[in-house]
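K.L.:
Residue numbers (our numbering), protein chains in the order written: chain S, 236 to 418; chain F, 6 to 296.
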């Protein structure tokens with residue numbers, strides 16, 4: 236009996252330690268500036284989770300959920316470039332390297348560096364980006380922007396429209412986290 | 006004692022795996038949010054070849070279409086394989102909403118004007134709400150304005166009118182293959198002989214096979230139920246390619262139909278494929294955003 240009690244204790248401490256934050260309404264925007272055409276899209280339903288003690292951070296977003304101003308551009312994005320029926324999601328799995336510098340219980344703006352693996356179009360590549368974590372009245376939010384090279388993710392631009400599409404894309408992520416309920 | 010020790014180690018092991026898996030897949034508990042994803046890109050444009058496809062022009066988009074059918078290729082070198090003659094339709098399709106589109110057109114064949122409206126009742130989707138196919142309804146009206154062959158006879162305006170009602174049921178089966186059925190009724194207010202029916206029932210079939218990301222092979226066939234048309238009229242059959250280049254879609258095809266509107270290619274096709282009565286033709290579609 237004693238042992239079982241000990242195990243239960245062990246399990247519950249583990250859960251209590253693991254303070255986590257999550258959101259299902261993370262905002263991801265990307266834009267690419269080219270001489271001919273500005274391409275811009277936004278997705279406001281990215282899922283993300285942040286584990287405070289380890290600094291582990293994850294993102295997942297449905298490619299089909301990116302909204303463009305031009306419907307035709309959106310169709311081409313899904314059909315021709317991202318092949319979203321084959322690769323429905325983009326994912327990021329990584330770590331905030333300096334999570335120890337962030338005091339989640341004290342208001343402030345903390346600069347952070349994140350390293351991890353970014354998966355787009357079925358291809359996973361390591362990526363490092365900088366961003367900020369903001370704590371205000373107990374609400375945690377995060378922001379970052381970085382750029383990716385389309386060729387790294389095997390996204391091919393046909394020669395015919397090569398002048399219309401920039402070879403790099405600027406990505407911005409922006410989220411207000413909520414504490415994850417403990418189970 | 007042994008049992009308790011075993012239980013302890015087992016529980017420890019379980020606790021460890023649990024915590025590992027929790028770290029491994031933090032997002033798993035956030036999955037399956039209620040999102041319905043509509044299937045897009047079943048066809049490159051809102052026509053298969055002559056038939057309307059299950060696609061609509063998106064809200065606020067104007068799709069200008071310029072279509073040509075040249076003469077029969079069996080005209081030989083003298084007729085430059087039909088390229089000496091051309092039948093033209095110039096038209097515009099506009100999306101009022103993502104589900105409702107309207108269009109107008111003017112064909113050189115019998116100087117015909119046409120208008121139509123197409124509405125998507127069901128959209129093929131996955132995710133929260135699953136719909137296995139897309140269902141559209143199409144209504145068209147055409148008015149023939151060519152001067153009557155016999156001006157001494159009384160020619161009513163209503164005699165120049167044609168109507169079409171069509172249901173489009175289609176599905177994108179895979180990234181590369183889409184298929185649709187188009188049961189259709191064409192109503193002609195006036196027909197040439199008493200033996201011809203005013204109402205013509207037909208079943209169209211259209212398919213797309215994607216060859217590359219931006220090209221596809223399209224085919225369509227329209228079966229007209231027997232004993233409705235005068236002898237000499239045939240079923241419409243067309244094969245062609247779609248080539249997409251950003252804002253344009255080029256559709257190049259071979260067809261035995263001269264007309265590019267429903268009442269014409271369904272009920273007035275005369276080309277005998279076996280005898281080489283085949284037109285080369287194209288539709289060029291250019292989309293403009295005018296939201």
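A virtual CB, placed ideally from N, CA and C, is assigned to each residue, including glycine. The structure presented is a predicted model; accordingly, all values stated were derived computationally and were not measured.
Using DSSP's beta-bridge definition, name the partner residues of residue 350 (chain S).
P.N.:
Counted from its first residue, the first chain places residue 350 (chain S) at position 115. Paired residue(s): S:330, S:363.
K.L.:
With 9 Å as the threshold, decide whether the Cβ of residue 458 (chain S) is near any Cβ in chain F.
P.N.:
Look at the range of chain S in this structure, 236 to 418, and you will see that residue 458 (chain S) is not part of it.
K.L.:
Kindly say whether residue 286 (chain S), judged by its beta-carbon, lies nearer than 9 Å to any beta-carbon of chain F.
P.N.:
The residue labelled residue 286 (chain S) in the question sits at position 51 within the first chain. Judged by the 9 Å Cβ criterion, residue 286 (chain S) is in contact with chain F.
K.L.:
Please go through the same chain and pick out, in chain order, the residues whose beta-carbon is closer than 6 Å to the beta-carbon of residue 383 (chain S), but skip the five residues on each side of it.
P.N.:
As a first step, residue 383 (chain S) is located in the first chain; it is residue number 148 there, counting from the start. Cβ within range, chain order: 404.
K.L.:
Which same chain residues end up closer than 7 Å to residue 180 (chain F) when comparing Cβ atoms and leaving out the 5 residues on each side of it in sequence?
P.N.:
Residue mapping note: residue 180 (chain F) aligns to position 175 of the second chain, counting from 1. The answer, listed in chain order, is 215.
K.L.:
I'd like to know whether the C-beta of residue 282 (chain F) is nearer than 9 Å to at least one C-beta of chain S.
P.N.:
The sequence position of residue 282 (chain F) within the second chain is 277, counting from 1. It does not: the Cβ of residue 282 (chain F) has no partner Cβ on chain S nearer than 9 Å.
K.L.:
Do residue 311 (chain S) and residue 251 (chain F) come within 9 Å of each other at the CB atom, strictly closer than that value?
P.N.:
Counting from 1 along the second chain, the entry for residue 251 (chain F) is found at position 246. Counting from 1 along the first chain, the entry for residue 311 (chain S) is found at position 76. Yes, Cβ-Cβ distance for residue 251 (chain F) and residue 311 (chain S) is below 9 Å.
K.L.:
Hey, residue 108 (chain F) and residue 121 (chain F): beta-carbon distance below 9 Å or not?
P.N.:
The residue you call residue 108 (chain F) lines up with position 103 of the second chain. The residue you call residue 121 (chain F) lines up with position 116 of the second chain. Contact flag set, yes.
K.L.:
Taking any Cβ of chain F, which residues in the stretch 286-300 of chain S have a Cβ under 9 Å from it, in chain order?
P.N.:
Within the stretch 286-300 of chain S, the qualifying residues are 286, 289, 291, 292, 293, 294, 295, 297, 299, 300.
K.L.:
Identify the residues that DSSP records as bridge partners of residue 169 (chain F): which are they?
P.N.:
Looking up residue 169 (chain F) in the second chain gives position 164. Answer is F:145, F:191.
K.L.:
Evaluate contact between the stretch 205-213 of chain F and the stretch 222-240 of chain F, counting only Cβ atoms and requiring at least three cross-stretch pairs below 8 Å.
P.N.:
Touching, per the Cβ criterion.
K.L.:
For residue 273 (chain F), does the three-state DSSP call read helix, strand or coil?
P.N.:
Indexing the second chain from 1 puts residue 273 (chain F) at position 268. In this structure, residue 273 (chain F) counts as coil in the three-state DSSP scheme.
K.L.:
For the stretch 76-115 of chain F, which segments carrying the beta strand (DSSP E) assignment without a break, of at least 3 residues, lie completely within its bounds, in sequence order?
P.N.:
DSSP runs (the beta strand (DSSP E)) wholly in the stretch 76-115 of chain F: 91-100, 105-112.
K.L.:
Could you tell me which of S:381, S:325, S:373 sits nearest to residue 350 (chain S), measuring between CA atoms?
P.N.:
Along the first chain, one-based indexing puts residue 350 (chain S) at 115. Of the listed residues, the one whose Cα sits closest to residue 350 (chain S) is S:381.
K.L.:
Hey, out of F:184, F:105, F:202, F:93, whose CA is closest to residue 113 (chain F)'s CA?
P.N.:
Taking the first residue of the second chain as position 1, residue 113 (chain F) is located at position 108. Of F:184, F:105, F:202, F:93, the residue nearest in Cα terms is F:93.
K.L.:
Is there contact between the stretch 125-144 of chain F and the stretch 41-53 of chain F, where contact requires at least three CB pairs shorter than 8 Å?
P.N.:
A contact exists between the stretch 125-144 of chain F and the stretch 41-53 of chain F.
K.L.:
Does any residue of chain S bring its CB to less than 9 Å from the CB of residue 292 (chain F)?
P.N.:
Taking the second chain and counting its residues from 1, the one referred to as residue 292 (chain F) is at position 287. It does; some Cβ of chain S falls within 9 Å.
K.L.:
Tell me which residues share the same chain as residue 341 (chain S) and place their Cβ nearer than 7 Å to its Cβ, disregarding the 5 neighbours each side in the sequence.
P.N.:
Position 106 of the first chain, counted from the first residue, corresponds to residue 341 (chain S). Closer than 7 Å at Cβ, skipping near neighbours: 370.
K.L.:
Short of 9 Å Cβ to Cβ, which residues in the stretch 230-257 of chain F face chain S?
P.N.:
For the stretch 230-257 of chain F, which is checked against every Cβ of chain S, the residues closer than 9 Å are 249, 250, 251, 252.
K.L.:
Contact defined as beta carbons within less than 8 Å: I believe residue 367 (chain S) pairs with residue 388 (chain S). What is the distance between those atoms, to the nearest angstrom?
P.N.:
As a position in the first chain, residue 367 (chain S) is number 132, starting the count at 1. As a position in the first chain, residue 388 (chain S) is number 153, starting the count at 1. Incorrect: roughly 26 Å between the Cβ atoms, too far for contact.
K.L.:
Which residue or residues does DSSP assign as beta-bridge partners of residue 213 (chain F)?
P.N.:
Start at 1 with the first residue of the second chain, and residue 213 (chain F) comes out as number 208. According to DSSP, which records beta bridges pairwise, residue 213 (chain F) is partnered with F:183, F:223.
K.L.:
What does a CB cutoff of less than 6 Å around residue 292 (chain F) pick up in its chain, not counting 5 residues either side in sequence?
P.N.:
Position 287 of the second chain, counted from the first residue, corresponds to residue 292 (chain F). 66, 68, 252, listed in sequence order.
K.L.:
Tell me where the alpha helix (DSSP H) around residue 311 (chain S) begins and ends.
P.N.:
For the purposes of this step, residue 311 (chain S) is identified with residue 76 of the first chain, where counting begins at 1. Note, residue 311 (chain S): alpha helix (DSSP H), 306-311.
K.L.:
Looking only at its chain, what residues have a beta carbon closer than 7 Å to the beta carbon of residue 325 (chain S), apart from the 5 residues adjacent to it on each side?
P.N.:
As a first step, residue 325 (chain S) must be located in the first chain, where it is residue number 90. Excluding sequence neighbours, residue 325 (chain S) sits near 296, 298, 354, 355.
K.L.:
Using only CA atoms, which one of F:277, F:278, F:201, F:271 lies nearest to residue 145 (chain F)?
P.N.:
Translated into positions along the second chain, residue 145 (chain F) becomes position 140. Residue F:271 is the option with its Cα nearest to residue 145 (chain F).
K.L.:
Based on DSSP bridge pairs, tell me the residues matched to residue 178 (chain F).
P.N.:
Position 173 of the second chain, counting from 1, holds the residue named residue 178 (chain F). Answer by DSSP bridge pairing: none, since residue 178 (chain F) is not bridged.
K.L.:
With a CB to CB cut of under 7 Å and the five nearest residues on each side skipped, what residues in its chain are close to residue 336 (chain S)?
P.N.:
Working through the first chain from its first residue, we reach residue 336 (chain S) at position 101. Once the five neighbours on either side are set aside, the close Cβ partners of residue 336 (chain S) are 345.
K.L.:
Would you mind working out which of S:318, S:391, S:400 sits nearest residue 271 (chain S), comparing C-alpha positions?
P.N.:
Walking along the first chain from the start, residue 271 (chain S) turns up at place 36. Nearest option by C-alpha distance: S:400.
K.L.:
Suppose the cutoff is 7 Å on Cβ atoms and the five residues either side in sequence are ignored; what does the same chain contact list for residue 259 (chain S) look like?
P.N.:
Taking the first residue of the first chain as position 1, residue 259 (chain S) is located at position 24. Cβ within range, chain order: 280, 282.
K.L.:
State the DSSP-derived secondary structure class of residue 200 (chain F), mapped to helix, strand or coil.
P.N.:
For the purposes of this step, residue 200 (chain F) is taken as residue 195 along the second chain, with counting starting at 1. Reduced to three states, the DSSP call for residue 200 (chain F) is coil.
K.L.:
So with CB distances below 7 Å, who are the chain F contacts of residue 305 (chain S)?
P.N.:
On the first chain, residue 305 (chain S) is found 70 positions in, with the first residue counted as 1. Neighbours of residue 305 (chain S) on chain F, chain order: 294.
K.L.:
For chain S, find out if any of its Cβ atoms is closer than 9 Å to the Cβ of residue 45 (chain F); answer yes or no.
P.N.:
Here the question's residue 45 (chain F) lines up with position 40 in the second chain. It does; some Cβ of chain S falls within 9 Å.
K.L.:
Can you tell me which of the three DSSP states residue 267 (chain F) falls into?
P.N.:
Numbered from 1 along the second chain, position 262 holds the residue referred to as residue 267 (chain F). Looking at residue 267 (chain F) - three-state DSSP - the assignment turns out to be helix.
K.L.:
Using beta carbons (cut-off 9 Å, strictly below), is residue 405 (chain S) in contact with chain F?
P.N.:
In the first chain, residue 405 (chain S) corresponds to position 170, counting from 1. No, its Cβ sits nowhere closer than 9 Å to a Cβ of chain F.
K.L.:
Kindly identify the DSSP beta-bridge partner or partners of residue 292 (chain S).
P.N.:
Position 57 of the first chain holds residue 292 (chain S). Residue 292 (chain S) pairs with S:285, S:329.
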